[in-house]
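**Q** The numbering of the sequence shown is our numbering, which starts it at 4 and goes up by one. Below are the structure tokens for one structure; questions will follow.
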Amino acid sequence: MPQAVSTKSSGSAQSEAAIDVELRQIVKVFDGEPAITGIDLTVQKGEFFSILGPSGCGKTTALRLIAGFETPTAGEVFIQGRAMGRVVPHRRPVNTVFQNYALFDHMSVWDNIAFGLKIQNCSRAELRSRVGEALQLVKMESFSKRYPAQLSGGQKQRVALARALVKRPAVMLLDEPLGALDLKLRKQMQVELSNLHRRLGITFIMVTHDQEEALSLSDRIAVMRAGQIEQVGRPDDIYEYPATAFVANFIGETNLLRGQIEPLDFPLMRVTTESGLDIRVRHRQVDSAPPPQTPVELSIRPEKVHLSGQPADADNCVEGRVQHTMYLGTHIHCMVELVTGDRFTVLQPSHTQHLPDPQKPVYAYWSAADCLALTA
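Set out below in structure tokens:
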């Protein structure tokens, strides 16, 4: 059976009293194949928490374990301090919103929302009150008599949210909730989800593969890969200070160079890359600075790299030639081939940068503080 692994975490320590959901040493195996290989995770009461990762990383399995749709092979799920091992899904203080909405086509919007309450034998007065409240929360009061076939994708998503909220769960589980919507509608629904979360104050746990969605909505994010958690932290921490090369490359875009640490006075480190570049890196913490000869991957975000027609007085400056440019309105996206053969992506604000001349050499430069040395 796969062994549990520790979670690389950023952010402040959490008090046990503030924890709404906890996964302890969770392992899940399907037909001999591990989907989750041992994770520990805590979600604080009232936060918007996202589980982010590529397809097949185990994020949806983690959500289904919280909901009770799957049973752990090993480990335990706790919700509000109570072990969920023997608690069936409909008895857990959670509700789930699915990507495909899972609405009943033969029922009106009102009946779809009321369905769970009817099973609980709620009185007619309570039904009217709670369904009306849920419709108001998602701004669908005037659509109560319509059927799913008469609704747009965004309206269906609102109904699915209302159906989950009407049971007043302590924890709302969102499984790729905006994945079926077009880009413009997805942006609009992100704002509505955020507003809804702030208004209700309950815990939201969202599974998504969309990095921008997770960054814009979440209080904290867990990045998953191959059944394990690579990093947990606030969106800005994960973007600015990724724990691994995978996180750096998955969250946004970055330039990665392999090399090894060479001696230099802290906080500056020198990294010699496989292509022969000597790059200066400013490390943040002396107690975690890698020792000399440690293999690392350097991460430099495209927006941290600048271009000049002349050598720049900077920590790092390398000659190259522009291979390709794209005008993106607010920014210019440049692909630069350095003299070493390394390719760098550079993202420059269009109002401060003219399109570089591909026929002339350029100099890519960046600060040592904007370069991260990531160990395996």
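All C-beta atoms in this analysis are idealised placements derived from N, C-alpha and C, irrespective of residue type, glycine included. Since this is a predicted model, take the numbers as computed values, not measurements.
1. Below 8 angstroms, can you find three or more Cβ-Cβ pairs linking the region 124-137 to the region 175-190?
2. Using the Cα positions of R237 and E243, report the straight-line distance between them to the nearest angstrom.
3. For the alpha helix (DSSP H) containing N198, name the first residue and the last one.
4. Would you mind sorting M329 into buried or exposed? The rule is 16 or more other CB atoms within 10 Å of its CB.
5. I'd like the ranges of any alpha helix (DSSP H) spanning at least 4 consecutive residues and lying wholly in the region 117-172.
6. From N319 to L350, what does the alpha carbon distance come to, in whole angstroms?
7. Just how far apart, CA to CA, sit A315 and E73?
8. Alpha carbon to alpha carbon, what distance is there between V321 and I69?
9. State the Cα-Cα distance for the pair V381 and M209, rounded to the nearest angstrom.
10. Taking only three categories from DSSP, how would you classify Y244?
11. Measure the beta-carbon distance from I122 to V169 and round it to whole angstroms, keeping in mind my assumption that it falls under 8 angstroms.
12. Does the region 215-230 touch the region 41-61, meaning 3 or more C-beta pairs lie closer than 8 angstroms?
13. If you draw a straight line from the alpha carbon of A372 to that of G279, how long is it in whole angstroms?
14. Assess, as a yes-or-no matter, whether the region 89-104 is touched by the region 244-254 under the definition of 3 or more beta carbon pairs within less than 8 angstroms.
15. What number of angstroms, rounded off, separates the C-alpha of R27 from the C-alpha of Q214?
16. Where does S219 sit, in a helix, a strand or coil, going by DSSP?
17. Going by the CB atoms, is the gap between S147 and L138 shorter than 7 angstroms?
18. Is it buried or exposed, F207, if we count other Cβ atoms within 10 angstroms and call 16 or more buried?
19. Return the Cβ separation of M192 and L184 in integer angstroms, given the expectation that the two are a contact with Cβ distance under 8 angstroms.
20. Give the straight-line distance between the Cα atoms of D239 and L220, rounded to the nearest whole angstrom.
21. Between the C-alpha atoms of T247 and E300, what's the straight-line distance to the nearest angstrom?
22. For T333, which of G323, G312, E306 and G61 has the nearest alpha-carbon?
23. Could you check how far apart the C-beta atoms of P295 and E265 are, in whole angstroms? I think they sit under 8 angstroms.
24. Return helix, strand or coil for A315, following the three-state DSSP convention.
25. Could you pull out every residue in the same chain whose Cβ sits closer than 6 angstroms to the Cβ of A163, ignoring the five residues on either side in sequence?
26. Please list the terminal residues of the continuous alpha helix (DSSP H) segment that includes R67.
27. Give me the Cβ distance between L140 and L199, rounded to the nearest whole Å; I'm assuming they're in contact under 8 angstroms.
28. Given a threshold of 16 other Cβ atoms within 10 Å of its Cβ, counted over all protein chains shown, does P359 qualify as buried or as exposed?
29. Going by the DSSP bridge assignment, what does L260 pair with across the sheet?
30. Would you mind working out which of A229, F269, G255 and T276 sits nearest T3, comparing C-alpha positions?
31. Evaluate R304 with the Cβ neighbour count: other Cβ atoms within 10 Å of its Cβ, from every protein chain shown; 16 or more gives buried, anything less gives exposed.
32. If you run the structure through DSSP and keep just helix, strand and coil, what is V112?
33. Should S58 go down as buried or exposed, given a rule of 16 or more other Cβ atoms within 10 Å for buried?
34. Compute the Euclidean distance between the alpha carbons of Q6 and Q83, then round it to the nearest angstrom.
**A** Considering the structure as presented:
1. In short, these stretches do not touch, since the Cβ pair count stays below three.
2. Taking the straight line joining both Cα atoms gives about 10 angstroms.
3. Note, N198: alpha helix (DSSP H), L186 to L203.
4. Exposed: under 16 other Cβ atoms inside 10 Å.
5. Positions of the alpha helix (DSSP H) runs, each at least 4 residues long and wholly inside the region 117-172, are given as 127-140 and 156-168 in order along the chain.
6. Whole-angstrom Cα-Cα distance: 17 angstroms.
7. If I take the Cα positions, the gap works out to 57 angstroms.
8. Each residue's Cα considered, the two are about 50 angstroms apart.
9. The chain is shown only over 4 to 379; residue 381 falls outside these bounds and no answer can be derived.
10. Of the three classes helix, strand and coil, the one that applies to Y244 here is coil, per DSSP.
11. Cβ-Cβ separation between I122 and V169: approximately 12 angstroms, too far for a contact (criterion under 8 angstroms).
12. Taking 8 angstroms as the limit for Cβ pairs, the verdict is that the region 215-230 does touch the region 41-61.
13. For the pair A372 and G279, the Cα-to-Cα distance works out to about 21 angstroms.
14. No: the two stretches stay apart, fewer than three of their Cβ pairs being nearer than 8 angstroms.
15. Each residue's alpha carbon lies about 25 angstroms from the other.
16. S219: helix per DSSP, three-state reduction.
17. Taking a C-beta distance under 7 angstroms as the contact criterion, L138 and S147 qualify as a contact pair.
18. Under this definition F207 is a buried residue.
19. About 6 angstroms separates the beta carbons of M192 and L184, which is inside the 8 angstroms limit, making them a contact pair.
20. Rounded to the nearest angstrom, the two C-alpha atoms are 12 angstroms apart.
21. If you take the alpha carbons of T247 and E300, they lie about 9 angstroms apart.
22. Measuring from the Cα of T333, the nearest candidate turns out to be E306.
23. The pair is a contact, with the Cβ atoms about 6 angstroms apart (cut-off 8 angstroms).
24. Look at A315 here: in three-state DSSP terms it is coil, with no helix or strand label.
25. The beta carbon of A163 sits closer than 6 angstroms to those of V100 and Y104, all from its chain and outside the five residues before and after it, given in chain order.
26. Segment K62 to A70, the alpha helix (DSSP H) holding R67.
27. Right, the Cβ-Cβ distance comes to about 7 angstroms (below 8 angstroms), so this counts as a contact.
28. Flag for P359 reads buried.
29. DSSP, once it has assigned bridges, lists L301 as partnering L260.
30. Outside the displayed range of the chain (4 to 379) lies residue 3, so it cannot be described from this structure.
31. Burial call: buried.
32. DSSP, read as helix, strand or coil, puts V112 in helix.
33. Flag for S58 reads exposed.
34. Residue confidence for Q6 is low, a pLDDT of 37 falling below 50, so the modelled location carries little weight and cannot support an answer.
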